[in-house]
Amino acid sequence: MITMGVDVGSTSSKAIILQDGSEILAKTVVNMGTGTQGPGQATEQALAQAGLCRENIGCMVATGYGRLTFPGADHQVSEVTCHGRGIGFLLPEVRTVIDIGGQDAKALQINSRGKLMNFVMNDKCAAGTGRFLDVMAKVLGVPVEGLGQLSAQSEHPVSISNVCTVFAESEVISHLAAGAKLSDIAAGIHISVARRVAALAMRVGIEGQVAMSGGVALNQGVVRAMEMELKRPVLVHPDAQLAGALGAALLAAERMQ
Ligand code: ADP
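Quick note, the sequence shown lines up with residues 4 to 260 if you use the numbering used here.
Set out below in structure tokens:
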């Protein structure tokens, strides 16, 4: 039984091919989201990686912000359900998932089978999302992938008091003009994101082990800042960005059964 999950995100597209609902045959991330060639490329690359064609896929589930406009999937399932399932598979001991993607942040509670029990979400404001980090990385003149390592060298993180992305951007520019170190500004940016998303997570309630999913989980600076805010360890699986696609592929397998 071969199934596929496709996560059509706002900034990136992810695909996973599963055998028998348990073995990952292929996984791809393409840094282009909904409305671009990203979703098509992610699925084609995954099929090529597994040496398969679309006809070999018994069931395909699409998730993510652009799931309803993605052609070719058999079913569509919400991101929160899929992220919960994906993290439940990767890290079965986890009960609280903090998912930060390109343009929203969510906190989920899941049970021992990865089933979604409750969630809260911020999709109204760029603060506390990957978009905030992308904008700030541009202002600092560093790739967003390098922000985490940069912030690790910080000794005196700056304070970013504005919540609004536009005002926070002006604040970062003022810190730059005042000669603050890039590492201290990067650390301040991470604390700002972590504080906002931790407040969201408190609303859903922190239970059991905590993990992050979504692309921002790859930013070690945000993960460290989140651990400080929540005062507990935050687990990150290497496939954290693919958790949604994995959950979709697992749900596709369940539907076939
Ligand atoms: P979506 O599903 O909404 O398209 P993702 O979950 O893929 O978004 O997350 C995208 C965000 O993840 C980007 O805005 C960026 O801030 C962050 N990101 C992606 N890759 C990396 C990386 N290698 N290192 C640090 N941050 C990353």
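C-beta: ideal position from N, C-alpha, C; glycine also.
- With a beta-carbon spacing of about 24 Å, GLY67 and GLY151 fall beyond the 8 Å limit used to define contacts.
- Among the bridge pairs identified by DSSP, VAL123 is matched with ALA110.
- With a minimum length of 4 residues, the unbroken runs of alpha helix (DSSP H) contained wholly in the stretch 137-181 fall at 150-155, 168-180.
- Counting C-beta atoms within 10 angstroms of its own C-beta, ASP23 has fewer than 16 neighbours from the protein chains shown and is therefore classed as exposed.
- By alpha-carbon distance to LEU254, the top candidate from GLY208, GLY87, ILE188 is GLY87.
- In the DSSP assignment, GLU26 forms a beta bridge with GLN22.
- For SER81, the three-state secondary structure derived from DSSP is coil.
- Counting the other Cβ atoms within 10 Å of the Cβ of ILE176 gives fewer than 16, which makes it exposed.
- A direct Cα-Cα distance of roughly 44 Å separates LEU249 from GLY182.
- Taking all protein chains in view, the Cβ of MET205 is surrounded by fewer than 16 other Cβ atoms within 10 Å, so the residue is classified as exposed.
- Going by beta carbons, VAL200 and GLY131 fall inside the 8 Å limit.
- For the 8 Å CB-CB criterion, ALA45 and VAL9 form a contact.
- Per DSSP, THR132 is not a residue of any beta strand (DSSP E), being assigned neither H nor E.
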